[in-house]
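Residue numbers (UniProt numbering): 1 to 1100. Note that beta-carbon positions come from the ideal geometry of N, C-alpha and C, so glycine has one too.
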């Protein structure tokens, strides 16, 4: 029978008969005896190609058939394979036999280990390089597949692999040894292991140098991957003493133009991981300047292949600088980077100028704060680059301006008119990349403009975008990216313009309809852009205006899902569904079943694809690689699933009752995704669970819903049984699982925010059938662990790292803000009488953070959490006020951390809100005002988000004094205070403080005090107060709503009446659209002022 197997293998290699042979081999591979046939061919066939192929097929099937072999057959097979490794003369055959030995070693190490390892050591010491190579192949495979079982032999492997790295004759042996080292580093478990492993580093460095000198980049790439893994996976391996020299070594590689780009790129990958995971090593050893020198030099090199942008020098350098700016403190990067940018911009070489502009844009993410402070210098310099004679520089300027618009908000909006004036002419540039990048910049600018700011651009911008989107995609492939960018910009414009886009819809919709009929693969990105844009238009103009087009666009969206295969198109279509649900509300119900069917099917796709030992996959099998398989994350699928989940959330919130029939199906999908490897998906799942809970509560309202729930447990405000069932069986268990066991801080934060949201919506009934037990679990097992920094997600936290690394600190801030949200929601559901019982257990842990002895970052977090939670305590906060006052005073006086100062000002204001009658509060008003005075003294010199946030919170602190202290005109130096804060308001950054400002205005406008009346009668005083008020009421984050907004409107109407028509007209004229001290207001505020004035002066 071995003869038949050999015949089939021969036929498999012949093009005309390989299909029939493949079919027959599939049947043969299912038989255990075929393993013996392959062994006989490996041993006896005269044809090396058949011996090689037999070894390949044996490796593919040995794992499945090993258990079916008798002990004698197993022994004979192992002996045969070791004998053939020693005797086989053909290299490829010998390598593939070694792979079979490795495969058996995976499953038979216990019974065969000693014999195998002895044989391999003999091979490794053989005078024949082919034998040494086979030893390294098997060593590598064993380490990769059975590593933990070999930990006890760690030192022996180091010795063997070191000899392999230093092999005198064979590069193949050295490379195989490197691959073994790559697996060995994963087994380092102790300092002893780490010290032993470091003996390999000099050998790897020497091998890399010699290989590059001979033009061989593979050892260099492998070595740097090993170094990268060492930094990423195990901080013991490469110490802070080792890393500086290694960074300089890889910088030499990155700086060498003779080295292939793959190796140079890998060098920067290593630098990336060092800057991300060991930033102090980079800064303290003075490595930032040489890193910057290397990447600036690289960025100006000419690309060998203009088509391959991914590996172009500028791309590699840009990614490296991006990593540097994000992972290191901006003070270490900004100044030296900008010095080099300045030198580049003066160069006569356009590649160097392009590099300078590109890198200036790159550092806007990571160096936001210093760049915001220097915008007045940076922006004019960037605008000048749009006049550069070289189109590549103008292209880079468009990209950089877009990055400024993305990362330098809100300060960059001061320049939106100049930006649009610089960008608009280049939309007609003959250079396609220039048009595309200018569209990118316009998209990001309009995404942040208010409708009134955007209105002036619409008459020229919309027709131009339509013209650019209309170019025939069949005529020139290059135009497709421009058309897609035009659609994205049009979608952003519609999203911000809202109803102002309505007059343009009759011209826009036919263009989008045509683009949504494209079916060629290369056109699908454009079709996706048009689909997303159609949703933006529908949402902006409203359902009634879109009604006549609904059927056509829905049919096109469905056809894209059913007839075309594109993750990007499906992602865009779910965004379209989301926009329609928002516009149509319950009217979307007619499309609900089909839309949910598509989205849920997308959510169930595999997110990871792999290829491995599929017995039916025979393609290129005779030349298959060494690796046993691979797995890839499908990023397109990931984005598609995220879009589907967001659409699910929107549909639950907007469509309402009809969705109830599909809750079970949605829950089944969410459970499948809740343990997904992607934290983004796990975050989104938490959000959808929250939406489902609120959906059922709205669909099955309890009797008390009309009047609202009252706090306290046990509660009389129970939920409908359907809502209770979902909460008990699904929502609580799933959010608890994520909140207690997830390792990602963003996921835990979203789970906590979902809990907070559900509690606020459903009230104390949300605590369920065992409220005390669940309350105890949330507050002591979950919240207390996080506050004590003992949660599983904080296992590897380093206080110093969180202190110095912006990313680490931001992640911690997000987590603790979510904790504060939950604690506040707990307080609302329990009420001020019950909440102190819980708060007593949490308060000491918050105070430990707020008074942290070494970390300013944790002090800032603690001060913010203290302010949030004391507000939830309301009138029951008195016992905690003295200690909290001390925290606030110390925080305001501590220099060098804006977040601590901001949060301390906020905390101080909260103490006046909840403790206005407390003696400690009343008696220390003068001290508090004295602490705030230096902040107000710098109000005219503020340049940047941090300083503005501090000023906003200082203003809100004083406003809380005015609003809550008894008889503020008697207990406060009101004339001095108002002079100061009127110059500092309105709020410009922290819009959560706008309500506090307006409550102070309410107190002033309704005060019976003669002192207040005298203040209000001061010329210009009432006008300024009115201008500030309408600006606060229309702030970008819409934090002023409900009774506060209604009450302020009524009060302002009275104020306007008192001013009279002449003064009001002068005020409206003065409100020119800025937010400058003493005069202007935003455009939205001006509109509100005019509405209030019209109604007031008409007598309404």
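Residues near residue i in its chain [Cβ-Cβ closer than 7 Å; skip 5 each side]
i	result
residue 673	603, 681 and 685
residue 570	561, 602 and 640
residue 901	891, 892 and 950
residue 43	80 and 84
residue 215	none
residue 1105	With the chain represented from 1 up to 1100, any question about residue 1105 goes unanswered, as that position is not in the structure.
residue 173	129, 132, 133, 136, 164 and 167
residue 155	196
residue 874	832 and 914
Nearest-angstrom Cα separation, counted from residue j out to residue i
i	j	result
residue 117	residue 151	14 Å
residue 1085	residue 916	32 Å
residue 557	residue 521	16 Å
residue 103	residue 63	7 Å
residue 286	residue 856	25 Å
residue 393	residue 260	26 Å
residue 730	residue 821	22 Å
residue 826	residue 756	8 Å
residue 813	residue 972	34 Å
residue 106	residue 99	11 Å
residue 793	residue 580	38 Å
residue 957	residue 905	6 Å
residue 745	residue 267	30 Å
residue 483	residue 470	7 Å
residue 724	residue 696	9 Å
Expected contact under 8 Å - CB spacing of residue i and residue j to nearest Å
i	j	result
residue 222	residue 182	7 Å
residue 176	residue 140	6 Å
residue 200	residue 162	6 Å
residue 574	residue 554	Residue 574 to residue 554, Cβ: 13 Å. No contact.
residue 1011	residue 969	4 Å
residue 870	residue 920	Contact flag wrong, Cβ pair sits at about 13 Å.
residue 583	residue 538	5 Å
residue 68	residue 34	Rounded, the Cβ-Cβ distance is 11 Å, inconsistent with contact.
Residue i beta carbon near the ligand NAD (any heavy atom closer than 8 Å)
i	result
residue 752	This structure simply doesn't include the ligand NAD, nor any ligand for that matter.
Buried versus exposed call for residue i [16 or more other C-beta atoms within 10 Å across all chains shown]
i	result
residue 213	exposed
residue 9	buried
residue 864	buried
residue 657	exposed
residue 479	buried
residue 195	exposed
residue 933	exposed
residue 661	exposed
residue 791	buried
residue 56	buried
residue 125	exposed
residue 26	exposed
residue 1035	buried
Reference residue i; option with closest CA among the options
i	options	result
residue 379	390, 395 and 402	402
residue 546	526, 567 and 508	508
residue 387	434, 341, 929 and 312	434
residue 373	414, 421 and 817	414
residue 665	676, 648, 849 and 1027	648
residue 764	831, 170 and 645	831
residue 663	1006, 644, 78 and 691	691
residue 711	550, 733 and 771	771
residue 122	96, 1059, 160 and 90	160
residue 13	49, 77, 677 and 910	49
residue 1068	1041, 1044, 1030 and 1043	1030
residue 420	408, 458, 409 and 687	458
residue 981	426, 967, 1017 and 940	940
Close-in-space but distant-in-sequence residues of the same chain around residue i (CB under 6 Å, 5 per side omitted)
i	result
residue 399	361 and 437
residue 567	636, 637 and 640
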